[in-house]
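**Q**
Residue numbers (the working numbering): 75 to 206.
(1) Classify residue 194: buried if its beta carbon has 16 or more other beta carbons within 10 angstroms, exposed otherwise.
(2) Would you call residue 158 buried or exposed, if buried means 16 or more other Cβ atoms sit within 10 Å of its Cβ?
(3) Can the beta-carbon of residue 144 be found less than 7 Å from the beta-carbon of residue 124?
(4) Out of 150, 199, 175, 206, which has the shortest C-alpha to C-alpha gap to residue 91?
(5) Taking 7 Å as the cut-off, decide whether the C-beta atoms of residue 131 and residue 113 are in contact.
(6) Once the 5 residues before and after residue 141 are set aside, which same chain residues still bring their CB inside 8 Å of it?
(7) Which word fits residue 234, buried or exposed, when buried means at least 16 other C-beta atoms lie within 10 angstroms of its C-beta?
(8) Please name the residue, chosen from 111, 89, 189, that lies closest to residue 183 on a Cα-to-Cα basis.
(9) May I have the straight-line CA-CA distance separating residue 207 from residue 189, to the nearest angstrom?
(10) Less than 7 Å separating the beta-carbons of residue 119 and residue 85?
(11) What is the rounded straight-line gap between the Cα of residue 196 and the Cα of residue 147?
If you want it as structure tokens, here you go:
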């Protein structure tokens with residue numbers, strides 16, 4: 075049992091550097107209904123009062139105290155064509171955080187269910203409230 079657990083969800087995620095190599099075939103494939111949003115990793119996301127973790131094919135742990143910026147939406151790295159319907163029902167959460175001495179950026183899609191991102195906005199709001 076995880077103490078102070080606030081939210082759990084299945085998640086797709088990628089580091090910013092991993093998304094840079096996505097080609098146009100990947101972007102076209104993302105527009106088909108059975109294909110999830112473009113991502114490099116997936117796993118079980120847990121948000122607590124002190125950290126966010128995703129356990130799956132690889133592990134990601136972000137201490138909330140190390141988060142520098144939250145952004146819900148698309149940008150030059152994670153573009154609308156990375157998600158079917160050009161992101162009308164789903165937007166990624168971008169988290170910029172400090173890992174040691176360097177800045178890292180990850181993009182997270184939480185609770186994706188082929189209709190949209192059921193929990194990404196909730197995740198954004200929960201983290202925002204914890205950081206306020």
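By construction, the Cβ of each residue, glycine as well, lies at the ideal position given by its N, Cα and C atoms.
**A** A quick look at the data gives this:
(1) buried
(2) buried
(3) no
(4) 150
(5) no
(6) 169, 170, 171, 201, 205
(7) Any question about residue 234 goes unanswered here, given that the chain covers just 75 to 206.
(8) 111
(9) Because the chain in this structure spans residues 75 to 206, residue 207 falls outside the shown range and cannot be described.
(10) yes
(11) 13 Å
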